[in-house]
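Colleague: Below you will find the structure I want to go over with you.
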Amino acid sequence: MNTSVPLAARINAIRHLTEDTALFTLQLTERPRQHQPSPARFHPGQFLQLSVAGAGEAPISYCGFPSSDGSIELCVRKAGRVTAALHETALGGQVAVRGPFGHGFPLEHYAGQDVLMMAGGLGMAPLRSLMLALLHQRERYGQLTLLYGAKAPEALLFRHELGDLANRKDLLVRLAVDRAGECPPGIPSCRIALLPALLEGLCIAPDRTVVPLCGPPSAYRFLIPPLLERGIAAERIQLSLERRMQCGVGRCGHCAVGTLLCCVDGPVFAYSMLKDLEGAL
Amino acid sequence: MPLFILPQTALEPFMERLRTVGELHGPLRGSDDAVRFSFLQTGDQPDLTAVRSLLPPKKYLLAPDETILTYRPAAGYQTPAHETGPLILLGVHPCDLAAIAYLDRQFLADPPDPTYAARRKRLILIGNSCTPDNNCSCHQRPSALSTNCDLFLYQQDNGFLISVETPHGERLCQSLGDLLLPAEDQQLPPSSRSNFGLPLPAPSANELDAHLPDWQRLADHCLGCGACSVCCPTCSCFEILEFGGLDGCSAERLRRWDNCLFKSHSEVAGGHSFQKDRAQRFRYRYRHKYRGYGQLQGVPSCVGCGRCRAQCPTGLDLRPLAEYLEKERP
Amino acid sequence: MSRPRLAIAGLTACSGCQLSLLNCEAELPLLLERIEFQFFPLACSPVRIEGCYDAALVEGCCSTAHEAELLRELRDHSRLLIALGTCAAWGGVATLRNDTPRKELRRQVYGRHPLPDDDVPRPLSAIVKVDAVVTGCPPEKHELLALLGDLLRGNLPVRGTAPVCTDCRMRENLCLLQERGMLCLGPLTLGGCAARCPSLGVPCEGCRGPAPEANVAEALELYCQNGFDAMTVTGRLRRFCPEWNHDQRA
Numbered sequence: 014m015n016t017s018v019p020l021a022a023r024i025n026a027i028r029h030l031t032e033d034t035a036l037f038t039l040q041l042t043e044r045p046r047q048h049q050p051s052p053a054r055f056h057p058g059q060f061l062q063l064s065v066a067g068a069g070e071a072p073i074s075y076c077g078f079p080s081s082d083g084s085i086e087l088c089v090r091k092a093g094r095v096t097a098a099l100h101e102t103a104l105g106g107q108v109a110v111r112g113p114f115g116h117g118f119p120l121e122h123y124a125g126q127d128v129l130m131m132a133g134g135l136g137m138a139p140l141r142s143l144m145l146a147l148l149h150q151r152e153r154y155g156q157l158t159l160l161y162g163a164k165a166p167e168a169l170l171f172r173h174e175l176g177d178l179a180n181r182k183d184l185l186v187r188l189a190v191d192r193a194g195e196c197p198p199g200i201p202s203c204r205i206a207l208l209p210a211l212l213e214g215l216c217i218a219p220d221r222t223v224v225p226l227c228g229p230p231s232a233y234r235f236l237i238p239p240l241l242e243r244g245i246a247a248e249r250i251q252l253s254l255e256r257r258m259q260c261g262v263g264r265c266g267h268c269a270v271g272t273l274l275c276c277v278d279g280p281v282f283a284y285s286m287l288k289d290l291e292g293a294l
Numbered sequence: 002m003p004l005f006i007l008p009q010t011a012l013e014p015f016m017e018r019l020r021t022v023g024e025l026h027g028p029l030r031g032s033d034d035a036v037r038f039s040f041l042q043t044g045d046q047p048d049l050t051a052v053r054s055l056l057p058p059k060k061y062l063l064a065p066d067e068t069i070l071t072y073r074p075a076a077g078y079q080t081p082a083h084e085t086g087p088l089i090l091l092g093v094h095p096c097d098l099a100a101i102a103y104l105d106r107q108f109l110a111d112p113p114d115p116t117y118a119a120r121r122k123r124l125i126l127i128g129n130s131c132t133p134d135n136n137c138s139c140h141q142r143p144s145a146l147s148t149n150c151d152l153f154l155y156q157q158d159n160g161f162l163i164s165v166e167t168p169h170g171e172r173l174c175q176s177l178g179d180l181l182l183p184a185e186d187q188q189l190p191p192s193s194r195s196n197f198g199l200p201l202p203a204p205s206a207n208e209l210d211a212h213l214p215d216w217q218r219l220a221d222h223c224l225g226c227g228a229c230s231v232c233c234p235t236c237s238c239f240e241i242l243e244f245g246g247l248d249g250c251s252a253e254r255l256r257r258w259d260n261c262l263f264k265s266h267s268e269v270a271g272g273h274s275f276q277k278d279r280a281q282r283f284r285y286r287y288r289h290k291y292r293g294y295g296q297l298q299g300v301p302s303c304v305g306c307g308r309c310r311a312q313c314p315t316g317l318d319l320r321p322l323a324e325y326l327e328k329e330r331p
Numbered sequence: 002m003s004r005p006r007l008a009i010a011g012l013t014a015c016s017g018c019q020l021s022l023l024n025c026e027a028e029l030p031l032l033l034e035r036i037e038f039q040f041f042p043l044a045c046s047p048v049r050i051e052g053c054y055d056a057a058l059v060e061g062c063c064s065t066a067h068e069a070e071l072l073r074e075l076r077d078h079s080r081l082l083i084a085l086g087t088c089a090a091w092g093g094v095a096t097l098r099n100d101t102p103r104k105e106l107r108r109q110v111y112g113r114h115p116l117p118d119d120d121v122p123r124p125l126s127a128i129v130k131v132d133a134v135v136t137g138c139p140p141e142k143h144e145l146l147a148l149l150g151d152l153l154r155g156n157l158p159v160r161g162t163a164p165v166c167t168d169c170r171m172r173e174n175l176c177l178l179q180e181r182g183m184l185c186l187g188p189l190t191l192g193g194c195a196a197r198c199p200s201l202g203v204p205c206e207g208c209r210g211p212a213p214e215a216n217v218a219e220a221l222e223l224y225c226q227n228g229f230d231a232m233t234v235t236g237r238l239r240r241f242c243p244e245w246n247h248d249q250r251a
C-alpha cells in the first residue's frame, strides 16, 4: 500500500476548544491513488500525517468517529511549526493528509468488557475517537467510564460535548482539574484533583475491565500504578504513546521505543509490552 | 552458478563494455588518497584492492539530501521524476552488499519507498572480494553477508574469477562472452562468506543492564559529529524537512540523513526529547546496530565494514563492547 | 495573499549578511513582488521606523546605546525579530576582545582621545527577545531564501542541530582534523553550510557559532592531544562566539 503521497483535503470547519487548541474537520478533496488507502478510514487510536504546504508534516491522532463520507476530525494544539501553520490556515483552506498509520485500540477485544477510559490533557483527542466508536455500538460493551483531567476548567477540551455526555445514563463521566478556575456553563462539576484521584470510589471489576489510557508522556508514571493496585492486569491497560513519527512506515527511525517503532508497532501499546522496555515510559 | 575467468588484461575492455550497458561507477582513489565511489570515465582506473570507500554505496540509494515530494497548489503533492537507466556499481565488497540487502529489507518491504525503489531498480551490482584490515569485523561478527549482487569478482593472481549470481548477471555475462574465459576446473575459493548469516543469540543479561558504565564512558568521548552514522552502510535514519517557495504557494519536501546520537533525533514538537542523555543514545545505537528493531528486530545491521571505527575522530568503537558483552554471556 | 512587511537593519557588523540577501539577484524581482521591504536603510532611501512589521531581520551585534535603542524600537514594531547572521546570534568578531575591559581596549586603540560611550558588544538576545536565528558569516543563500519563504507563510525557520562535520562527511571529504591534524572546529560548529571550507581543504573556523549538542570538553582534549595549546584553541573558538561553555559535554 502506498502511503507516501499526501492527499489534498479542505478545512470544512474549525471549532476553537481552548486558547491554543482547535477541532478541525477536514474533507478529502482528492481520491486515493492506486494502492493507496483512504486516510478517512481508520480505527480509533491510529494517527495520520497532516501536511500544511510549506511548513511540513506532523503526526496527529484521529479524534472523530470513523465516517464513510471522507471527513476527518482532528484536535490540534499549536505546538510546533506545522500545527502553528494549521492554526493560521483559514476555513476552506487546503491541507493534505496521508494515513492511516499504526495500530489503534484493540476494539475487537473490548466486546463484553467494561471500558475505563482515562485521558489527560490533549490525550482526550484520541480517546474521543474511541469513545464515539464505543457509544456507536453501545450494546456491545459493559460499563463505560471516562475519567478526564486537565490543567484548569478552561483547558478542558470538548466542553460543548461534556455536558451531554455526562447526562447519558450509559456513560459515567468524571472530570478533574489541577487548579480552580471559572467553570464554564454546561460543564458537569469537576474536582480539583489529579487524574488518578478520580479512581477513588469507582467500582472496578479487574478481570473484565480494559483501560485505554492517553496522556502526556510524564503522566503515565503516576497513572499506571493505581490501576495495577486495583488488580488490573498489565495487558488490559492500553496506552497511546507520543513520539516523533515522521515517515509513518518504520523507516525514518525517529519514533523508536526501545526495540519497537511507535509508528508501526503502536502508537497504542499494551502496558505489558512496554513495562520492561527501556525508555518507553 | 556458472564461473568464468576475466584476465587482468581484459578489465579495461570489460569496463568499456559495461559502459555500453549503463553508467559505470566504482571505487576511485582521489588525489587526497581517499577512495570514493565515483563515476568511472574511460581511462579511470578503479581501485579494486582498496579496503573501503569513505562513504558506502548507500549514497546511491539514499542520497544525503533528496527531494521526496514537490507541492504545487493545482497538483498537490507529487513524487518527483526518478532517474532511469541502468547504473552499474563495480567493486562492491561483501559487507557493503550485505548492507544493501539490509536496506532492501527495510525500504522495499510493503509499502516500498518510491524513491529508494526507483534507485534500487536501476542498480546493477558487481561485487568484489577483499582483504579485511584491522578495522573490519566481518570475519568476527556474524552478520548476514551475502553475495547480493549480479556478478561477483573474486580477485586472483592474474585477474578475476567471476561468479554469476542472478539472471541479470547471466545476461550481462553473455554480452561479455568474448572477454571471458571458461573456468573449467576452477572452484569458488573457500568463502569468507561462510561465517556469515548465523542466527543471533539472545541478548545476555549484561547487555540489558542499562547502567553498564561503558555507555557513559563512550558517551563522554563522543563529539556528536555524526561521522559514524553518515559513513555507516546501514544507518538510514532520515529527517524530513519542508521548504516553502518564494512564490508563497509551492513547496518542496526533502529528506536528509539523520543520526540517532543527536538529541533532536527523538525530539517532539514542544521540545521534549525521549533520549536526553548521550549515554542513553549510545546504548540505543548499540542495540539497534546489534539487535535490530521494528520489523527487523533480531537482525543485526552491523556488517563489520569498519568505517565507523576508521572515521571516528576520537577512536570510539562499539565493537569491543559488543565482544565484551558476548564474552560475558553465561 | 497579503505581502509581509519586513524591516531589515544592521547594527555593528560588516553589512555582509544584508548584502547576501541583495546578492540573491535571480530571486530579487520575485521577492519585491511578494514582500514589502518597508525599512531597509542599506537598500532603500531612509525612512522612519513606523507601523507594524511582520518581521525585523537584524544583522550585527549591539555595541552602542544608540544601537540598543534602534533594536528596541524594531522589536516594539515587529511581530517577529530575527537575528540575521553570526554577529547578531552570538556576538561575532566584534566580541573578540570582550574578555578585556572596555576602558583598556579604548586606551589601547585611541589613546587619550575621548570617545563616545560604547557598550560591551553583545548578541541581540542580550537586549531583546529573539524569535529565530539564522546563523552564518554570512548566512547561506539557501537559508536566507528559506527564511523568506517561511516569513511569507508566517512560519518560523527550522533550525538544524547537526555540526559541520556531518555536512563534511556527507560530502565525502577527508577529515582535516583526523587525517591532516588541522585545528578544524567542525565538530563544534553548527552545520548547514555544506562544509564549505573543509571541502576546499580549509579547516572550519567556527563562523556559524556553536552546535547545540557540541561536546566542547572532549573536543578541547582532542585538539590538545593533536598538539594545539589551549591558548591557540581558545583564541580560535572566541573568534565568532565569546561565550563557550568549555565544560559542556551535552
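Protein chains in written order, with my numbering: chain A, 14 to 294; chain B, 2 to 331; chain C, 2 to 251. Beta carbons: idealized from backbone N, C-alpha and C, even for Gly.
Which residues share a DSSP beta bridge with Ala283 (chain A)?
Modeller: A:Gln251, per the DSSP bridge assignment.
Colleague: In this structure, how does DSSP classify Gln9 (chain B) when only helix, strand and coil are distinguished?
Modeller: In the structure shown, Gln9 (chain B) sits in a helix (DSSP, three-state: H, G or I).
Colleague: With H, G and I counted as helix, E and B as strand and the rest as coil, what does DSSP make of Gly198 (chain B)?
Modeller: Model confidence at Gly198 (chain B) stands at a pLDDT of 38, short of 50, so the residue's coordinates are unreliable; what they give is reported in the following sentence. Three-state result, Gly198 (chain B): coil.
Colleague: Using the Cβ count rule (16 or more neighbours within 10 Å means buried), how would you classify Glu144 (chain C)?
Modeller: The residue is buried, with at least 16 neighbouring Cβ atoms inside 10 Å.
Colleague: Assign Tyr111 (chain C) to buried or exposed, taking buried as 16 or more other Cβ atoms, counted over all protein chains shown, within 10 Å of its Cβ.
Modeller: Answer is exposed; the Cβ neighbour count stays below 16.
Colleague: Based on the DSSP secondary-structure assignment, which residues constitute the bridge partners of Glu195 (chain A)?
Modeller: Paired residue(s): none; Glu195 (chain A) is not in a bridge.
Colleague: From Ser193 (chain B) to Asn149 (chain B), what distance separates their C-alpha atoms?
Modeller: Because Ser193 (chain B) sits at a pLDDT of 47, beneath the cut-off of 50, its placement in the model cannot be relied upon, and the point is left open.
Colleague: Using DSSP's beta-bridge definition, name the partner residues of Val190 (chain A).
Modeller: In DSSP, Val190 (chain A) forms a bridge with A:Ala163 and A:Ile205.
Colleague: How would you list, in chain order, the residues of chain C whose beta-carbon sits under 9 Å from the beta-carbon of Gly106 (chain A)?
Modeller: Correct list: empty, because the minimum Cβ distance to chain C is about 12 Å.
Colleague: Would you check if the distance between the CB atom of Leu7 (chain B) and the CB atom of Phe161 (chain B) is smaller than 8 Å?
Modeller: Closer than 8 Å, so yes.
Colleague: Say whether chain A places a C-beta atom closer than 8 Å to the C-beta of Glu67 (chain B).
Modeller: With 8 Å as the cut-off, Glu67 (chain B) does not count as an interface residue toward chain A.
Colleague: Does any CB atom of chain A fall closer than 8 Å to the CB of Asn99 (chain C)?
Modeller: Not an interface residue.
Colleague: Using a Cβ-Cβ distance cut-off of 8 Å, determine whether Ala103 (chain A) contacts chain B.
Modeller: Not closer than 8 Å to any Cβ of chain B, the Cβ of Ala103 (chain A) fails to qualify, so no.
Colleague: Which chain B residues sit within Cβ distance under 7 Å of Met183 (chain C)?
Modeller: Ordered by position in chain B, no residue passes the 7 Å Cβ test against Met183 (chain C), which lies about 12 Å from the chain.
Colleague: Nearest-angstrom Cα distance between Asp120 (chain C) and Arg73 (chain C)?
Modeller: Their backbone Cα atoms lie some 15 Å apart in a straight line.
Colleague: Spell out the partners DSSP gives Asp33 (chain A) in its beta bridges.
Modeller: Answer is none; Asp33 (chain A) lacks a bridge partner.
Colleague: Are Ser74 (chain A) and Pro139 (chain A) close, meaning C-beta to C-beta below 8 Å?
Modeller: Yes, Cβ-Cβ distance for Ser74 (chain A) and Pro139 (chain A) is below 8 Å.
Colleague: Where does Val217 (chain C) sit, in a helix, a strand or coil, going by DSSP?
Modeller: Val217 (chain C): helix per DSSP, three-state reduction.
Colleague: If contacts are defined as beta-carbon pairs under 8 Å, then Thr190 (chain C) and Val165 (chain C) qualify, I think. What distance do you get, rounded to the angstrom?
Modeller: Rounded, the Cβ-Cβ distance is 5 Å, consistent with contact.
Colleague: Name the chain B residues that come within less than 9 Å of Asn15 (chain A), Cβ to Cβ?
Modeller: Those are Pro112, Pro113 and Pro115, listed as they occur along chain B.
Colleague: With three or more C-beta pairs closer than 8 Å as the rule, is the stretch 55-72 of chain B touching the stretch 230-245 of chain B?
Modeller: The answer is yes - the stretch 55-72 of chain B touches the stretch 230-245 of chain B, with three or more Cβ pairs under 8 Å.
Colleague: Does the stretch 119-127 of chain A come close enough to the stretch 223-232 of chain A that 3 or more CB-CB pairs lie under 8 Å?
Modeller: Touching, yes.
Colleague: Among all the DSSP beta bridges, which residues are the ones paired with Leu43 (chain C)?
Modeller: DSSP output for Leu43 (chain C) lists no bridge partner at all.
Colleague: Just the Cα atoms here: how many angstroms apart are Gly155 (chain A) and Ala100 (chain B)?
Modeller: Their backbone Cα atoms lie some 51 Å apart in a straight line.
Colleague: Could you check if Met131 (chain A) is buried or exposed, using at least 16 other CB atoms within 10 Å of its CB as the buried criterion?
Modeller: The residue is buried, with at least 16 neighbouring Cβ atoms inside 10 Å.
Colleague: For Ala1 (chain C), which beta-bridge partners are listed by DSSP?
Modeller: This structure does not reach residue 1 (chain C), given that chain C is present from 2 up to 251, and the question cannot be answered.
Colleague: Quick one, are the C-beta atoms of Pro47 (chain B) and Leu29 (chain B) less than 8 Å apart?
Modeller: Going by C-beta atoms, Pro47 (chain B) is nearer than 8 Å to Leu29 (chain B).
Colleague: What's the C-alpha gap between Leu317 (chain B) and Arg123 (chain B)?
Modeller: Using only the alpha carbons, I get a separation of about 36 Å.
Colleague: Can you give me, in chain order, the residues of the stretch 151-164 of chain C that have a beta carbon less than 7 Å from any beta carbon in chain A?
Modeller: Within the stretch 151-164 of chain C, the residues whose Cβ lies closer than 7 Å to some Cβ of chain A are Arg154, Gly155, Asn156, Leu157 and Val159, listed in chain order.
Colleague: Does at least one heavy atom of the ligand COA sit under 7 Å from the Cβ of Pro87 (chain B)?
Modeller: Absence of the ligand COA is noted for the structure shown, with no ligands found whatsoever.
Colleague: Thinking just about the alpha-carbon of each residue, which of B:Gln312, B:Thr10 and B:Ala11 is nearest to the one in Arg170 (chain C)?
Modeller: Ranking B:Gln312, B:Thr10 and B:Ala11 by Cα distance to Arg170 (chain C) puts B:Gln312 first.
Colleague: Look at the alpha carbon of Cys176 (chain C) and the alpha carbon of Ala252 (chain B), and state the distance between them as a whole number of angstroms.
Modeller: If I take the Cα positions, the gap works out to 34 Å.
Colleague: Going by DSSP, what residues sit across from Ile73 (chain A) in a beta bridge?
Modeller: Answer by DSSP bridge pairing, in chain order: A:Leu61.
Colleague: Under the three-state reduction of DSSP, which class applies to Thr85 (chain B): helix, strand or coil?
Modeller: Correct three-state label for Thr85 (chain B): coil.
Colleague: Answer with buried or exposed for Pro158 (chain C), where buried requires no fewer than 16 other C-beta atoms within 10 angstroms of its C-beta.
Modeller: Buried: at least 16 other Cβ atoms inside 10 Å.
Colleague: Is Leu188 (chain A) near Tyr161 (chain A), with beta carbons less than 8 Å apart?
Modeller: In contact: Leu188 (chain A) and Tyr161 (chain A) (Cβ atoms closer than 8 Å).
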